[in-house]
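Engineer: Take the sequence shown: its position 162, counting from 1, is numbered 162 in full-length UniProt numbering, and each next residue is one higher. Got a structure here, written out as structure tokens. Questions coming.
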Amino acid sequence: MWKIILYILLLIGSVSNARNVEKRSIDLIAAQAVFQEQKLPGDIVPNYYNLTLAVDPQKSSNFWGNVIINATVEHKIRTFQLHAHPDLIIESLNVAEFLPPHYDPSDVYKPSPSCCKIPMPEVTWKRVKMQPKVEIDLHSDDLEPGANLLINITFRGEMYATEGIFRRSYVHPLTMETKWYVATYLRPNYARNVFPCFDEPAYKVPIALSVIKPSQMKAVSNMPIGSSRRQRDADSTIDCFLPTPPMSTYNLALVVSELTHFCSETNDSAVSLPKTKIHVWARPDFMEALVNVSRKVATTFDYLEKFWGVFSPLNELNIFALPNFNATKPGDSWGVLMFKESELSSKGSWHLTQELVYQWLGALATPVWWNQAHINHALVRYITAYTTIQIGENETFSNWPTTMLYSIYYEFSKRHPHGKNTAIKQDSSSAKTELVFRMLNYTLGETTFRHGMQRLIADRQFKTFDGDDIWTSLTEQAHFDKTLPEAVTVNEIAGSWINKDRLPVVTVTRNYKNNSARLHQRLYLRERPHDVPDQDRFLWSIPIVLVRQDRMNFHNTTPMVWMMKEREIEIANLPDEKHFIIVNPEEIGPFPVNYDAENWKLLVEFLQTDERTKIPVYTRAKLLHDAWNLAYAGDLNITIALNMTLFLRNERDYLAWDPVFTMIDHIGKHIDDLLVCRQFEYYVKMLLTPLYEDLGEVPQPGESEGTTHLRNTAKIFLCQAGYEPCIDEANKEFHKWMESENPDEGNPVANQYICPVFKWRMFTEWLFGLERFINFPKTRKRSERTYLLKTLAGCPRYSGKIEYLLNLTLLQRDGNFSDSDLYLILSMLAGSSSGYNTLFDYLVSNWDEIKKNFADKPMLWNSIVASATGSFKSHTGLELVSQLYRKRQSEFGNADFIVEKSLRNIKVEIEWTDKNIPAMERWLLANDKE
1 MWKIILYILL LIGSVSNARN VEKRSIDLIA AQAVFQEQKL PGDIVPNYYN
51 LTLAVDPQKS SNFWGNVIIN ATVEHKIRTF QLHAHPDLII ESLNVAEFLP
101 PHYDPSDVYK PSPSCCKIPM PEVTWKRVKM QPKVEIDLHS DDLEPGANLL
151 INITFRGEMY ATEGIFRRSY VHPLTMETKW YVATYLRPNY ARNVFPCFDE
201 PAYKVPIALS VIKPSQMKAV SNMPIGSSRR QRDADSTIDC FLPTPPMSTY
251 NLALVVSELT HFCSETNDSA VSLPKTKIHV WARPDFMEAL VNVSRKVATT
301 FDYLEKFWGV FSPLNELNIF ALPNFNATKP GDSWGVLMFK ESELSSKGSW
351 HLTQELVYQW LGALATPVWW NQAHINHALV RYITAYTTIQ IGENETFSNW
401 PTTMLYSIYY EFSKRHPHGK NTAIKQDSSS AKTELVFRML NYTLGETTFR
451 HGMQRLIADR QFKTFDGDDI WTSLTEQAHF DKTLPEAVTV NEIAGSWINK
501 DRLPVVTVTR NYKNNSARLH QRLYLRERPH DVPDQDRFLW SIPIVLVRQD
551 RMNFHNTTPM VWMMKEREIE IANLPDEKHF IIVNPEEIGP FPVNYDAENW
601 KLLVEFLQTD ERTKIPVYTR AKLLHDAWNL AYAGDLNITI ALNMTLFLRN
651 ERDYLAWDPV FTMIDHIGKH IDDLLVCRQF EYYVKMLLTP LYEDLGEVPQ
701 PGESEGTTHL RNTAKIFLCQ AGYEPCIDEA NKEFHKWMES ENPDEGNPVA
751 NQYICPVFKW RMFTEWLFGL ERFINFPKTR KRSERTYLLK TLAGCPRYSG
801 KIEYLLNLTL LQRDGNFSDS DLYLILSMLA GSSSGYNTLF DYLVSNWDEI
851 KKNFADKPML WNSIVASATG SFKSHTGLEL VSQLYRKRQS EFGNADFIVE
901 KSLRNIKVEI EWTDKNIPAM ERWLLANDKE
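Dropping the structure here:
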């Protein structure tokens with residue numbers, strides 16, 4: 001039951017962070033795919049590219065090109081390699097030695113006089129097997145280090161969907177003509193798809209681009225056009241752009257289109273326009289939707305130039321709203337940004353800010369290799385968040401960083417983080433690194449952090465950097481500013497966090513007799529059993545920022561002490577027993593904090609007074625979140641966690657409520673099989689009903705997105721807890737679908753209404769939903785079909801609905817349900833007591849037939865057994881599974897180990913249940929009328 005709740009929230013966007021829309025993890029996934037790529041040998045390095053491309057998107061999807069690469073020999077060679085995609089057709093390739101008189105290799109812009117080129121006529125080349133490279137054989141052993149070569153290659157290729165160079169079309173709304181455009185998307189390593197080159201980030205050299213294109217179309221690249229001339233046929237024009245500053249090949253950009261543009265303008269006297277000219281490009285009829293874009297960009301660009309302390313070296317910044325652009329993320333190159341139209345016209349500014357941050361950290365200074373993508377990505381995301389908040393453009397962003405923070409708490413506290421999901425590992429690791437940057441900004445101070453970033457950019461502009469360069473810049477600045485002890489380095493601090501797929505928990509035990517406290521750090525484990533090997537070897541460098549009730553100051557974020565990989569320390573000079581302390585306020589570091597019972601009691605009492613707002617809302621949320629997760633992990637008395645919810649009766653800030661809904665979901669799943677669950681649902685209704693009634697059912701004009709988020713979430717959880725007005729509303733909406741003439745054409749019911757209907761209403765509504773699943777048209781989105789099946793399996797309380805579904809899938813093996821559908825059904829059934837109890841009984845009653853039906857599908861059989869036996873948490877459940885195991889022990893086959901694992905896990909969960917449920921029952925009984 002509870003598993004479906006968070007899925008509903010994700011679907012309606014009520015718990016999603018604004019940045020989640022951006023799918024920025026594609027950077028990390030792409031980088032993961034290429035950072036193990038074999039590097040070029042480095043025997044020859046480029047100095048300069050002179051690149052010509054010819055495109056005519058109206059006539060052909062093909063393109064033609066020529067590149068002349070000025071390169072220097074680093075080691076005595078006979079052969080060398082460069083990148084070229086296998087689909088790029090090389091029509092000619094020749095090499096000449098370049099021997100200009102008084103040659104200055106730094107003067108890469110100087111033309112090369114033909115009289116000083118010595119052709120090398122015996123040059124041959126071949127494709128490198130299984131790699132996107134060509135190997136060029138000079139048939140000469142005479143080239144010494146320092147020799148200069150001109151590599152001249154003519155090539156042609158085909159434009160694809162979004163990688164490399166691509167073309168797309170759209171319909172002009174007035175003339176109804178089909179219009180075409182061409183654009184490049186070269187990150188992370190798609191430049192090789194467009195022209196032969198040294199396609200690695202460390203090779204940063206100028207590129208002079210010339211483009212031959214239809215005369216009526218405009219060409220835009222990284223630099224302004226230096227010259228333009230019509231070709232002889234007068235139907236095409238060649239535009240020659242000024243050479244770029246030194247840059248990686250993936251930062252090259254080109255857009256050829258008939259889009260129109262406007263220049264940066266603002267009537268806001270508080271916004272100063274940057275020296276870089278800003279142009280916004282779009283279809284003429286779409287321009288009105290982009291009226292605020294130039295203001296956003298000008299504001300952010302001006303702020304970032306001050307933050308970095310370095311002006312952009314480019315003359316122009318061109319921002320495109322590309323029609324029918326279907327890339328998973330914006331196309332970010334140096335000076336040219338490409339967005340989907342909906343992305344650029346949206347209300348928020350986070351995605352725009354992120355692309356602007358990349359102009360400095362990624363383009364001006366570049367990660368030296370793909371394995372540095374995660375740290376670059378994390379720093380960009382942090383500076384994006386920081387900038388967005390600082391300039392006040394945080395319409396959809398004000399829940400940062402809690403959504404991200406809570407998710408990595410849950411991921412890294414598992415017994416086996418990430419499982420085998422590389423994408424989750426990359427994104428959560430990058431999120432943790434982002435939070436480390438946030439911690440450093442707090443603990444070193446904003447001034448030190450900003451100056452450290454300026455030091456990095458000043459040192460590495462037009463060059464590359466790695467993680468150590470970042471940490472060293474911050475260390476040097478912190479030592480200069482005396483915000484970090486000389487014996488401590490940021491490298492050491494950051495390494496203790498980044499190199500572990502784990503997080504710590506700090507336990508604070510106060511000694512009220514001498515006003516001191518003992519602080520102990522250990523591995524944070526939330527998922528039971530806590531049997532992770534080598535736990536004692538995990539130690540972090542943890543900043544101890546402390547706020548005391550008698551001197552409440554949340555602005556001072558300087559650590560009173562650093563736990564530099566120390567298991568335990570003691571601090572003194574704390575307040576007396578009448579005053580609480582808070583360690584790690586505002587989630588300065590990504591770690592939960594536990595306290596002794598007396599300090600928790602002081603916090604509970606203070607939060608119920610009118611002075612609770614003296615504690616900032618992020619810290620109020622942290623205290624609640626820490627208490628509940630520590631209780632869930634078995635490290636804190638459940639009564640204390642329940643007491644921490646009492647202040648919510650008077651709390652209306654959505655950030656303080658944010659952890660409550662996760663708590664309801666997690667605790668609800670754990671007790672779903674116990675009688676106390678009904679008491680807990682009653683308490684949830686009692687807690688949420690006044691909140692929902694205060695907020696009102698209808699959004700008010702001008703209300704914040706946070707308030708809207710809180711109303712939507714409260715309503716969903718009230719529905720799940722059986723709040724009758726919500727159930728009636730859901731049923732009314734659902735019947736509109738049932739009464740429609742063709743219900744299979746689409747679902748007119750909001751997703752939030754479907755689960756309550758399937759859970760609380762009759763078999764008729766559920767059977768209607770099942771018929772819609774079976775008759776689901778192939779023309780509709782598959783995600784809608786998936787969601788419908790999730791709710792059909794995961795929401796019902798009545799066992800008859802579940803048995804009907806199991807008859808179809810396990811006994812009849814109905815062809816409307818694929819194996820993937822069955823895996824999904826089993827997963828959802830394992831998430832609710834009605835689901836796994838019914839599945840267990842059904843398996844026991846139909847053992848022989850089910851086993852026979854899945855004899856040829858051992859993985860599905862294993863999943864059936866795991867879902868039926870693995871979720872019990874009570875003595876009754878343990879006895880049921882034990883009886884089945886004794887009776888059928890010889891018949892489980894490969895699933896034998898699954899039942900043994902289920903029995904072990906049930907015993908662990910029973911320990912938590914026996915310890916906490918009686919106290920929880922007593923507390924709920926005592927507070928059910930307050």
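Beta carbons are placed, not taken as given, at the ideal position from N, Cα and C, and that holds for glycine.
For Pro173 versus Asp285, is the C-beta spacing smaller than 7 angstroms?
Structural biologist: The answer is yes: Cβ separation under 7 angstroms.
Engineer: With 16 other CB atoms within 10 Å as the buried threshold, where does Asp665 fall?
Structural biologist: Buried.
Engineer: Quick one: what does DSSP say Glu144 is sitting in, helix, strand or coil?
Structural biologist: Three-state result, Glu144: coil.
Engineer: Relative to the C-alpha of Thr483, which candidate in Thr448, Asn514, Asp459, Met453 has its C-alpha closest?
Structural biologist: Of Thr448, Asn514, Asp459, Met453, the residue nearest in Cα terms is Thr448.
Engineer: In the DSSP assignment, the alpha helix (DSSP H) including His666 goes from what residue to what residue?
Structural biologist: It spans 654–671 - the alpha helix (DSSP H) in which His666 sits, taken as one unbroken run.
Engineer: Do Ala641 and Ala621 come within 7 angstroms of each other at the CB atom, strictly closer than that value?
Structural biologist: Contact flag unset, no.
Engineer: What whole-angstrom Cβ distance do Glu258 and Gln216 have, given they're in contact under 8 angstroms?
Structural biologist: Between Gln216 and Glu258 the Cβ distance is about 7 angstroms, and since that is below 8 angstroms, they are a contact.
Engineer: According to DSSP, simplified to helix, strand and coil, what is Phe80?
Structural biologist: Strand.
Engineer: DSSP on Cys677, reduced to helix/strand/coil?
Structural biologist: Cys677: helix per DSSP, three-state reduction.
Engineer: Helix, strand or coil: how does DSSP classify Asn643 here?
Structural biologist: Asn643: helix per DSSP, three-state reduction.
Engineer: What does Asp332 pair with, by DSSP beta-bridge criteria?
Structural biologist: Note: Asp332 sits in a beta bridge opposite Leu337.
Engineer: Which whole runs of the alpha helix (DSSP H) in the segment 230–308 are 4 residues long or more, in chain order?
Structural biologist: Segments of the alpha helix (DSSP H) lying fully in the segment 230–308: 293–308.
Engineer: Let's see if you can read the secondary structure: which residues bound the beta strand (DSSP E) around Leu99?
Structural biologist: That residue, Leu99, is in no beta strand (DSSP E); it is neither H nor E in DSSP.
Engineer: So, under 8 angstroms CB-CB, Glu586 and Phe554 are touching, yes? Tell me the CB distance rounded to an integer number of Å.
Structural biologist: Glu586 to Phe554, Cβ: 7 angstroms. Contact.
Engineer: Throw me the rounded Cβ distance for the Ser867 and Leu826 pair, which I believe falls under 8 angstroms.
Structural biologist: With 8 angstroms as the limit, Ser867 and Leu826 qualify as a contact, their Cβ atoms being about 4 angstroms apart.
Engineer: Figure out for me which residue from Lys414, Asp459, Pro401 has the closest Cα to the Cα of Thr433.
Structural biologist: When only C-alpha atoms are compared, the closest one is Pro401.
Engineer: Return the residue from the list Ile802, Arg415, Ser740 that minimises the CA-CA distance to Leu770.
Structural biologist: Out of Ile802, Arg415, Ser740, Ile802 has the C-alpha closest to the C-alpha of Leu770.
Engineer: List the DSSP bridge partners of Glu135.
Structural biologist: According to DSSP, Glu135 bridges with Gln81, Lys126.
Engineer: How about Ile207 and Leu252: are their beta carbons less than 7 angstroms apart?
Structural biologist: Against a cut-off of 7 angstroms, the Cβ pair of Leu252 and Ile207 comes out as a contact.
Engineer: Using a Cβ-Cβ distance cut-off of 7 angstroms, determine whether Leu209 contacts chain B.
Structural biologist: Checking the listed chains, one finds no chain B in this structure; it contains a single protein chain.
Engineer: Can you grab the Cα-Cα spacing for the pair Leu337 / Glu355, in whole Å?
Structural biologist: The alpha-carbon atoms of Leu337 and Glu355 are separated by roughly 7 angstroms.
Engineer: Output the distance between the C-alpha atoms of Leu695 and Thr809, rounded to the nearest integer angstrom.
Structural biologist: Using only the alpha carbons, I get a separation of about 43 angstroms.
Engineer: What is the residue span of the beta strand (DSSP E) that Lys213 lies within?
Structural biologist: 207–214 is the extent of the beta strand (DSSP E) around Lys213.
Engineer: If you follow the beta strand (DSSP E) that Phe166 is part of, which residue opens it and which one closes it?
Structural biologist: Element bounds for Phe166: 164–171.
Engineer: Could you tell me how far apart the beta carbons of Trp308 and Gln454 are, in whole angstroms, since I believe they sit closer than 8 angstroms?
Structural biologist: The Cβ separation is near 6 angstroms, so the contact holds.
Engineer: Rounded to whole angstroms, how far is the Cβ of Pro132 from the Cβ of Ala191, which I believe are closer than 8 angstroms?
Structural biologist: Wrong, their Cβ atoms sit about 11 angstroms apart, outside the cutoff.
Engineer: So, at 8 angstroms on beta carbons, what are the nonlocal neighbours of Asn594 in its own chain, with the 5 sequence-adjacent residues on each side left out?
Structural biologist: Cβ within range, chain order: Val505, Val506, Thr507, Val508, Asp626, Leu630, Asp635, Leu636.
Engineer: Just list the residues that DSSP pairs Cys197 with in beta bridges.
Structural biologist: Answer is His83.
Engineer: Suppose you measure from the CA of Pro918 to the CA of Gln372; what does that come to, to the nearest Å?
Structural biologist: Using only the alpha carbons, I get a separation of about 51 angstroms.
Engineer: What separation, rounded to the nearest whole angstrom, lies between the Cα atoms of Gly452 and Phe437?
Structural biologist: Their Cα atoms are separated by approximately 12 angstroms.
Engineer: What do you get for Gly893, buried or exposed, if any count of 16 or more other CB atoms within 10 angstroms of its CB means buried?
Structural biologist: Under this definition Gly893 is an exposed residue.
Engineer: Taking the beta carbon of Ser342 as the centre, do at least 16 other beta carbons fall within 10 Å, making it buried, or is it exposed?
Structural biologist: Exposed, since its Cβ has fewer than 16 Cβ neighbours within 10 Å.
Engineer: Can you tell me which of Thr464, Ser346, Ser473 puts its alpha carbon nearest to the alpha carbon of Arg450?
Structural biologist: Checked all of Thr464, Ser346, Ser473; the closest Cα to Arg450 is Ser473.
Engineer: Measuring alpha carbon to alpha carbon, tell me which of Ser820, Gln812, Leu805 ends up nearest Leu839.
Structural biologist: Among Ser820, Gln812, Leu805, the Cα nearest to that of Leu839 belongs to Leu805.
Engineer: Provide the residue(s) that pair with Asn837 in DSSP beta bridges, ordered along the chain.
Structural biologist: Asn837 is not bridged to any residue.
Engineer: Counting C-beta neighbours from all protein chains within 10 Å, is the total for Cys795 16 or more, i.e. buried, or is it exposed?
Structural biologist: Answer is buried; the Cβ neighbour count reaches 16.
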